[in-house]
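> Under the numbering used here, the sequence shown has 420 at position 415, and the numbering climbs by one with no breaks.
Please read through the structure below; I'll follow up with questions.
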Amino acid sequence: MEPYELTIHELHEKLRSGELTSLDITASVFERIEAVEEEVHSYITLLKEDALESARKSDIEIRRGNMSQLTGIPIAVKDLLCTRGIKTTCGSHILEDFIPPYDATVIKKLKNAGAIFTGKTNMDEFAMGSSTETSYFGITKNPWDPERIPGGSSGGSAAAVAADECIASLGTDTGGSIRQPAALCGVVGLKPTYGRVSRFGLVAFASSLDQIGPMTKDVQDCAIMMNVIAGYDSNESTSVPAEVPDYESFLKRGIEGWTVGIPKEYFIEGMDPEVSSAVEKVIAFIEALGAKSCHISLPHTRYGVAAYYIVAPAEASSNLARYDGVKYGFRAAGSSNLMDMYKKSRSQGFGAEVKRRIMIGTYALSSGYYDAYYKKASQIRSLMKKDFDDAFKVCDVILTPTTPTPAFKIGEKTDDPLQMYLSDVFTLPANLAGIPGISIPCGYSEGGLPIGLQLLAGYFKEEKLLQAASAFEKQINLEKRRPLLHGI
Ligand code: GLN
């Protein structure tokens with residue numbers, strides 16, 4: 006096995022025993038990147054020299070006995086997170102040359118834990134999308150089938166983990182952008198409770214929905230990453246001062262005596278039969294885990310897509326007002342006056358999907374329409390929250406498919422935004438309600454594409470989510486496969 010194929014916890018043991026150095030691991034990951042990146046295109050910016058330099062420093066620390074579980078481990082970061090002195094493009098032309106003067110809190114935390122940064126990953130422009138096709142920097146391919154999308158918007162982060170171009174990564178999830186690409190690329194992805202992880206230094210898309218979370222090769226790695234990134238941050242007013250448990254300590258406990266809720270609204274017509282059958286197989290395992298399943302109803306699920314596509318664009322239209330060609334980023338040439346400069350910079354700087362969202366959002370917030378749209382959508386959010394509150398009175402976790410279909414073909418949905426929006430139908434309720442959710446691999450389609458399973462838990466119950474995910478992961482015991490890239 007090459008070092009790049011291993012998990013965080015496996016590499017940690019090898020670093021500790023001296024069998025491998027961080028330099029060995031980092032060099033191995035960059036060899037892998039050099040071999041497959043052209044085919045996958047997971048990254049916008051690669052940080053090879055910095056990474057090798059940090060690896061050498063990590064090795065000194067490790068020899069001194071200073072090590073955390075992430076010391077010396079190569080991690081990739083979505084290009085929506087501010088990194089001091091390193092370009093942070095958000096997948097957009099308008100921020101093509103933006104270099105933040107500070108680090109996001111999660112970046113600081115990873116640095117303090119000794120992680121090595123491999124680079125900034127590709128994404129849908131400003132995280133608006135489900136396929137990574139809206140990036141200004143080109144399309145990321147699904148490592149399992151380069152004719153297909155990796156999901157989005159954290160498609161680069163998911164593909165990089167699946168293709169072994171990093172050991173783990175960070176993504177962000179506003180309506181499913183961690184869980185959906187994790188499902189389509191066959192990796193684990195967790196969206197924490199709103200407020201669990203600091204958003205300081207995360208470029209805002211929809212501030213009441215955005216969360217940062219890990220994308221990893223297995224559930225244990227996900228717990229390790231959560232241990233580092235979770236927690237209160239005085240720089241971020243929506244981060245919550247709740248205690249962070251040691252997530253890893255919950256993994257081996259099993260779920261004996263638990264009740265797993267199966268919501269009927271998540272098993273809908275039009276769903277891919279291979280997805281439903283993979284998920285149904287897992288439902289059949291519940292008893293073997295000493296737990297029981299119960300049918301539940303989340304009756305307002307069907308309003309989720311409509312509510313999300315008011316709230317998210319409305320908040321985006323306000324957040325993106327700051328890109329005006331003045332303060333930072335791209336400024337169009339040849340303007341005759343200030344207004345003209347604003348118009349030209351924004352017209353040329355943003356891509357089509359971002360403009361569509363800004364227009365929808367501005368319309369929804371305009372005077373006279375606010376009550377009809379944003380306020381109504383907020384009311385639906387309250388009802389959806391209540392659905393989940395009621396459900397968690399009778400079950401410990403909820404089990405659903407992560408996506409209605411496996412990865413679709415590149416270009417298949419680009420002309421039909423509604424079809425694209427519908428690929429988040431199972432993930433966005435967790436964002437609207439603020440609860441945590443995780444996607445883990447649960448099978449493959451006949452064509453060899455990964456299929457994901459979603460688990461949801463109550464507010465700040467990430468430990469329950471990870472406990473259940475770990476139990477299911479073990480029970481599913483999915484055959485280990487690796488995507489074939491250039492035949493390697
Ligand atoms: N696909 C959804 C959207 O386009 C969600 C994106 C996200 O979670 N960042 O808005």
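Backbone N, C-alpha and C fix where the C-beta goes; we use that ideal spot for every residue, glycine too.
1. Tell me the DSSP bridge mates of His300?
2. I'd like to know if the segment 71-91 and the segment 111-129 are in contact, where contact means that at least 3 CB-CB pairs between them fall below 8 Å.
3. So Val402 is in the beta strand (DSSP E); what residue range does that whole segment cover?
4. If you run the structure through DSSP and keep just helix, strand and coil, what is Gly124?
5. On the DSSP bridge list, what partners appear for Ser444?
6. Where are the alpha helix (DSSP H) runs, 4 residues long or more, that stay fully inside the segment 140-220, in chain order?
7. By the three-class DSSP mapping on this structure, what secondary structure does Tyr375 have?
8. Report whether the distance from the Cβ of Met133 to the nearest heavy atom of the ligand GLN is below 7 Å.
9. For Lys466, which three-state DSSP category applies?
10. Does DSSP put Thr432 in a helix, a strand or coil?
11. Can we count Gly181 as close to the ligand GLN, meaning its CB is less than 7 Å from some heavy atom?
12. With a threshold of 8 Å on Cβ separation, who are the neighbours of Asp108 within its own chain once the five nearest residues in sequence on each side are excluded?
13. Tell me where the beta strand (DSSP E) around Leu57 begins and ends.
14. Under 7 Å from any heavy atom of the ligand GLN, does the C-beta of Thr177 make it?
15. Just to confirm, does Ser140 get its C-beta within under 7 Å of one of the non-hydrogen atoms of the ligand GLN?
16. Bridge partners for Tyr449 per DSSP, in chain order?
17. With DSSP as the reference, label Pro278 as helix, strand or coil.
18. Would you say the segment 418-433 touches the segment 290-298, given that touching needs at least three Cβ pairs under 8 Å?
19. Might you give, ordered along the chain, the residues of its own chain that have their beta carbon closer than 6 Å to the beta carbon of Tyr328, omitting 5 neighbours on each side?
20. So the candidates are Gly157, Ser22, Ala382, Leu460; which of them puts its Cα closest to the Cα of Pro441?
21. Which residues in the same chain as Glu7 place their Cβ atom closer than 6 Å to its Cβ, once the five residues preceding and following it in sequence are excluded?
22. Going by CA-CA distance only, name the one from Asp102, Lys286, Tyr426 that's closest to Gly354.
23. Let me make sure I understand the geometry here. Which of Arg61, Pro105, Glu42 has the alpha-carbon closest to that of Lys332?
24. Return yes when the Cβ of Cys447 is within less than 8 Å of the Cβ of Leu437, no when it is not.
25. Assuming Thr177 and Gly157 make a contact with CB atoms under 8 Å, what is their CB distance in whole Å?
26. Note down, one range per segment and in chain order, each alpha helix (DSSP H) of at least 4 residues found wholly within the segment 227-257.
27. For Gly452, is the classification buried or exposed, using 16 other Cβ atoms within 10 angstroms of its Cβ as the cut-off for buried?
28. Report yes if the C-beta distance between Val224 and Leu256 is below 8 Å; otherwise report no.
29. Report yes if the C-beta of Phe210 is less than 7 Å from at least one heavy atom of the ligand GLN; otherwise report no.
30. Less than 7 Å between the CB of Ala118 and some heavy atom of the ligand GLN, yes or no?
31. Cβ of Gly157 versus every heavy atom of the ligand GLN: is any distance shorter than 7 Å?
32. Measure the alpha-carbon distance for Ser63 versus Ser27 and round it to whole angstroms.
33. Determine the burial state of Tyr375: buried for a count of at least 16 other Cβ atoms within 10 Å of its Cβ, exposed for fewer.
34. CA-CA distance, Gly134 and Arg307?
35. Looking only at its chain, what residues have a beta carbon closer than 6 Å to the beta carbon of Thr50, apart from the 5 residues adjacent to it on each side?
36. Following a CB-centred definition, is Asp429 positioned closer than 7 Å to any heavy atom of the ligand GLN?
Quick answer:
1. Ile267
2. yes
3. 402-406
4. strand
5. Gly194, Gln459
6. 160-167, 184-190
7. coil
8. yes
9. coil
10. coil
11. yes
12. Cys87, Thr88, Arg89, Lys116, Gly206
13. Element bounds for Leu57: not the beta strand (DSSP E) but the alpha helix (DSSP H), 53-68.
14. yes
15. no
16. Pro455
17. helix
18. no
19. Ile99, Gly334
20. Leu460
21. Ser33
22. Asp102
23. Pro105
24. no
25. Thr177 to Gly157, Cβ: 11 Å. No contact.
26. none
27. exposed
28. yes
29. yes
30. no
31. yes
32. 7 Å
33. exposed
34. 20 Å
35. Lys92, Gly124, Lys125
36. yes
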